[in-house]
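Beneath this line is the structure, given in structure tokens, with notes to follow.
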Amino acid sequence: MKRKEINVCVLRVGGTNCDAETKRSLQELGVNAEVVHVNKIVKQKNLLNYDALIFPGGFSYGDYVRAGAIWAKWIIAKLGEELKTFVREERPILGICNGFQVLVEAGLLPGFEGISIYPEAALATNFPIGYNCRWIHIKNENNGKCIFTRKISRGKVLRMPIAHSEGRFIFAKDKEEEYLKKLYENDQLVFRYCDANGEYAEGKYPINPNGSFHDIAGICNSSGTVFGLMPHPERAFYWWQQPDWTRRKRMHQYGDGKLIFESLIDYLTKKF
Amino acid sequence: MKYHLRIEVCLKPGHSDPEGETTAHLLKELGYKVEKVNVSKVYTVVLNAESREEAKVKAEEMCKRLLANPTKDHYVITVDEK
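Chains as they are written, first to last, in this note's numbering: chain A, 1 to 272; chain B, 1 to 82.
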């Protein structure tokens, strides 16, 4: 499949944001990207016309009940079969920030054995409590399963912004060890919070900005085609989106976020 | 028949409660001898059902499908006929 033949759907509902940045990032790389309201997809039943699906960040449905919960349950009720097909056919699904919360609440992540009926993880209130909106560092832990990080070498430290209040990735207390082992065994662990030198946060604030279990910032499903992360790659795409661009003499043309989208497009061009 | 459900969703033991801890901290600052605060969410639902049992079953379903995340939440349901 050539780049210009690729169609990516960036979903939108009340309260989503960064959909425009996500679309622009994809278009910059030469693929077709469309921001579509989810009601339109339900009405036209055309989700399967797209090659990849992105749940952007934001505060869908006001984050009522729990962050991402309403959109997750709604989309499973309305588009559950199409989503199953999407996952089965290994078409990529990306969840950024609120999108990650949606994928976890919908049972697509961690997705040890396909889509689970009930969530197997949660993105709980930050510890320490509060909305964190700043740049952080994450390290790529994946060995190649996750199709969204194949352009990033293992162990590479990336810089991206976060903006959330509910980003503390957790498992049920009695499942922590079992599920962490599964993440490693299946190569589903993707990003962990670290400092600029790549030292893990080990749970310590502010390097781990939300108290996430095992410093987890992003995971993929067991086939590597569904991926969710709390940081925003679309806000770290161009050099001028980075916080220190006025202070630096030379900068790369793009930020680290581009690697995520490049990896996605590389997968699509080779696979389909 | 109309049933009034009260569904309380709270954190399972062992999970940290940043909202509760922050609230406890401020209550202490205000001079109260507070040891601990836990925050929970209460939904009051008016439901049409054939029987009290059916209302309870439906409330359980609501919790499992939307109101609680079994990773961290548990819930307490009370059903009232009014």
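Glycine is no exception: its CB is placed at the ideal position from the N, C-alpha and C atoms.
The CB of E105 (chain A) comes closer than 8 Å to the CB of N69 in chain B, given here in chain order. The beta carbon of L53 (chain A) sits closer than 6 Å to those of C9 and I93, all from its chain and outside the five residues before and after it, given in chain order. In the DSSP assignment, Y3 (chain B) falls outside any alpha helix (DSSP H) and lies within the beta strand (DSSP E) extending over K2 to L11. In the structure shown, V42 (chain B) falls within a strand segment according to DSSP collapsed to helix, strand and coil. A straight-line Cα-Cα distance of about 16 Å links E81 (chain A) and G111 (chain A).
DSSP places M160 (chain A) in the uninterrupted beta strand (DSSP E) bounded by V157 to H164.
For the 8 Å CB-CB criterion, Y238 (chain A) and Y254 (chain A) form a contact. Per DSSP, the continuous beta strand (DSSP E) segment holding R134 (chain A) begins and ends at N132 to N140. By the criterion of at least three beta-carbon pairs nearer than 8 Å, the segment 96-114 of chain A is in contact with the segment 68-80 of chain A. Taking the beta carbon of A69 (chain A) as reference, the chain B residues within 7 Å of it are L66, listed in sequence order. Here the segment 160-173 of chain A makes contact with the segment 10-21 of chain B; the two share three or more CB pairs at distances below 8 Å. The alpha-carbon separation between G30 (chain A) and L48 (chain A) amounts to approximately 21 Å. Comparing alpha-carbon positions, the option among A:D244, A:F55 and A:E202 lying closest to T16 (chain A) turns out to be A:F55. Following the DSSP letters along the chain, one finds Y184 (chain A) in no beta strand (DSSP E) but inside the alpha helix (DSSP H) bounded by residues E176 to E185. I162 (chain A) and N132 (chain A) do touch by the CB rule: their CB atoms are close to 6 Å apart, below 8 Å. Sequence-ordered contacts of the segment 33-55 of chain A with chain B are nonexistent [C-beta pairs closer than 8 Å]. Sequence-distant Cβ neighbours of S153 (chain A) in its own chain, meaning closer than 6 Å and more than five residues away, do not exist here.
Comparing alpha carbon positions, the residue from A:E166, A:W74, A:K204 and A:W135 closest to D244 (chain A) is A:W135.
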